[in-house]
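For reference, the structure discussed in these notes is given below.
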Amino acid sequence: MFLACAEPPAQTVQYSDLTPAVQRMLQSAGIDTGNFADHIAGIERKTAEREREGENDHLIFYVLQSKEFTKSARLEPALCAKQYVESGTIPRTVQTRMKQFAATTLDTGRLTYFRSLLPRENSLAHLRREYARAMQSLYAKEFAAKPRYYQSRGHSTDTRITANYALWTALSVLKASQPGLKFQRVLIVGPGMDIAPRTGLVDRYPPQSHQPYAVAQILRDLSLSETPRIECVDINDRVIQFIRNFAHQSGLRLDFQVSPGDPEYENWERNLMSKLAPVPREIAEAVSAEKLNIITQRLNSKYDLVVATNVLLYFDDTELLLAISNIESMLRAGGYFIHNELRGAIDLDMAAVGLAPVQARTVKIGEGTKAPLYDAFAIYRKK
Ligand SMILES: C[S@@+](CC[C@H](N)C(=O)[O-])C[C@H]1O[C@@H](n2cnc3c(N)ncnc32)[C@H](O)[C@@H]1O
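Position 123 of the sequence shown, counting from 1, maps to 163 under the working numbering, and the rest follow consecutively.
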């Protein structure tokens, strides 16, 4: 586990840490040894701002959907976004929910956290301002098909157990092709936390992070590890705190809803859920978390496997290259990196840091409501 004094702190990446190929790619984007530190400082500022926006997006999605503080009907954020952008006004139903949220004195995990985001004075003005921003952002995604939307939006911590299905498939492929393969030390970049998604908020379950426990259980099920040591890094303190506190809870409960999909997918999900209800204590105790920005920082530790799902899509091309450089530095020779970002530029980045492609596939989850739903995985190996 990450013990306070046993692990070296996260180090900020230096220009000299990068391979010559990565340095050349950065130079062609105007970044060199002279301005690298300023560029990194700029990314840190931008990440903090995007994280603040992401937390306020979750706040607004909570105010629109939660039943914890009101009997009013849930409001669908995407429809609210359309209405707001087209009319320029905040409807009465939304204003009522905002007032009810600001006035409630109830305390639940979600309510208490989201109340902490409100300023002491003028909390309704804050809600209206963040509503306008969050609705414009959501409109850009849902109705204006903004290119590279994820590369500039606020940082969401949304996570679903579904994200681990492609990962399970990737690990099954590795097991089949490499008999005897074992992973002992695993790093999860951006495990996320389900607190108030854009749609389908289920607030009868407490906020939770499940990827670290799902990955540990999958590694056990595939006999790729007995009790893997799972270390997580994330920029979000709420995610870090959940993971650090989880093993100290008495019940070790995680709650999921089975999402509809193909029978093979649903069977996989039910099987995993039954093994994580409750999470085996030895798994919970082997999971730890540390605050780290994967674009600008690295740990002085080596892992057999690094996993990053639904994280890299938030990075622009330069940020992606830096994140991949930091991930490569934390892999032991022969170690694997699995992610689900199939952006074309990524292969050049991988080659520049010395990660070789092993496999990439799309995985069907179900028919979906409008079109079939797919996830993907790509596996790379450190030479
Ligand atoms: C959308 S969630 C994905 C959660 C989970 N991996 C999944 O697939 O369900 C993205 C997570 O990455 C984290 N994250 C975003 N940018 C990051 C960065 N630069 N360094 C580390 N974590 C980051 C966010 O805080 C969030 O917890």
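Where a beta carbon is used, it is the ideal one built from N, C-alpha and C, also for glycine.
C-beta contact flag for residue i and residue j at 8 Å
| i | j | result |
| --- | --- | --- |
| I275 | N311 | no |
| Q224 | R160 | no |
| F296 | I201 | yes |
| I280 | H98 | no |
| R150 | D243 | yes |
| L18 | G374 | The first residue shown for the chain is 41 and the last is 423, placing residue 18 beyond what the model contains. |
| E322 | T267 | yes |
| E93 | R155 | no |
| A180 | Y189 | yes |
| Y305 | G406 | yes |
| L259 | L221 | no |
| L104 | R137 | yes |
The alpha helix (DSSP H) enclosing residue i, as first and last residue numbers
| i | result |
| --- | --- |
| Q105 | F76 to Q105 |
| D277 | D277 to F286 |
| F141 | R132 to A143 |
| E126 | P117 to S127 |
| E182 | S163 to E182 |
| A397 | The sequence given here has Pro at residue 397, not Ala. Per DSSP, P397 belongs to no alpha helix (DSSP H); it is in the beta strand (DSSP E), L395 to G406. |
| L259 | Q251 to D261 |
| L214 | A203 to S217 |
Span of the beta strand (DSSP E), counted from its first residue to its last, around residue i
| i | result |
| --- | --- |
| F355 | Taken as a continuous stretch (DSSP letters only), F355 belongs to no beta strand (DSSP E), as it is neither H nor E. |
| L345 | Y343 to A348 |
| F109 | First-last for F109: undefined, no H or E at that position. |
| E330 | V327 to K331 |
| W414 | The amino acid occupying residue 414 in the given sequence is Tyr; Trp does not appear at that position. Taken as a continuous stretch (DSSP letters only), the beta strand (DSSP E) holding Y414 covers L413 to K422. |
| L382 | Taken as a continuous stretch (DSSP letters only), L382 belongs to no beta strand (DSSP E), as it is neither H nor E. |
Classification of residue i by the beta-carbon crowding that lies within 10 angstroms, buried from 16 upward
| i | result |
| --- | --- |
| C45 | Only weak support is given to the placement of C45: the predicted model assigns it a pLDDT of 47, under 50, and the question is left unresolved by the model. |
| F183 | exposed |
| D277 | exposed |
| V53 | buried |
| N350 | buried |
| G128 | exposed |
| A121 | buried |
| V298 | exposed |
| A206 | buried |
| Q257 | buried |
| S435 | This structure cannot settle anything about residue 435, because the visible part of the chain is limited to 41 through 423. |
| L43 | Because the pLDDT at L43 is just 45, under 50, the model does not fix this residue reliably, and the point stays unresolved. |
| K111 | exposed |
| P60 | exposed |
| A143 | exposed |
Proximity test, residue i beta-carbon vs ligand 1 heavy atom, cut-off 7 Å
| i | result |
| --- | --- |
| V403 | no |
| R284 | no |
| M233 | yes |
| V279 | yes |
| G230 | yes |
| L14 | With the chain represented from 41 up to 423, any question about residue 14 goes unanswered, as that position is not in the structure. |
| D274 | yes |
| S196 | yes |
| R200 | yes |
| I378 | no |
| G416 | Inspection of the sequence shows that residue 416 is occupied by Ala rather than by Gly. A416 Cβ: outside cutoff for every heavy atom of ligand 1. |
| V346 | no |
| T358 | no |
| I270 | no |
| L58 | no |
| I335 | yes |
| T349 | yes |
| T152 | no |
| Q251 | yes |
Spatially closest choice to residue i from the options, by CA coordinates
| i | options | result |
| --- | --- | --- |
| D415 | S369, W208 and F154 | W208 |
| S369 | I386, Y190, N162 and L395 | L395 |
| L511 | E407, M390, K410 and I419 | The structure shown does not extend to residue 511, since the chain is modelled only from 41 through 423, so no value can be given for it. |
| E56 | D72, E89 and S68 | A small fix is needed here, since residue 56 is Ser in this sequence, not Glu. Nearest option by C-alpha distance: D72. |
| A418 | L146, E407, V347 and T409 | V347 |
| P117 | Y343, M175 and D357 | M175 |
| M65 | L361, G374, N380 and G406 | L361 |
| V62 | R372, E359, E381 and E407 | E359 |
| P49 | R421, A69, S106 and R338 | R338 |
| S196 | E306, N96 and E381 | N96 |
| H250 | F101, V103, V327 and S68 | V327 |
| E381 | P60, K215 and I364 | I364 |
| W308 | C272, V134 and K404 | K404 |
| A254 | L241, A400, I283 and R238 | I283 |
| I378 | V273, R238, A88 and A400 | A400 |
| P246 | S177, R293 and I80 | R293 |
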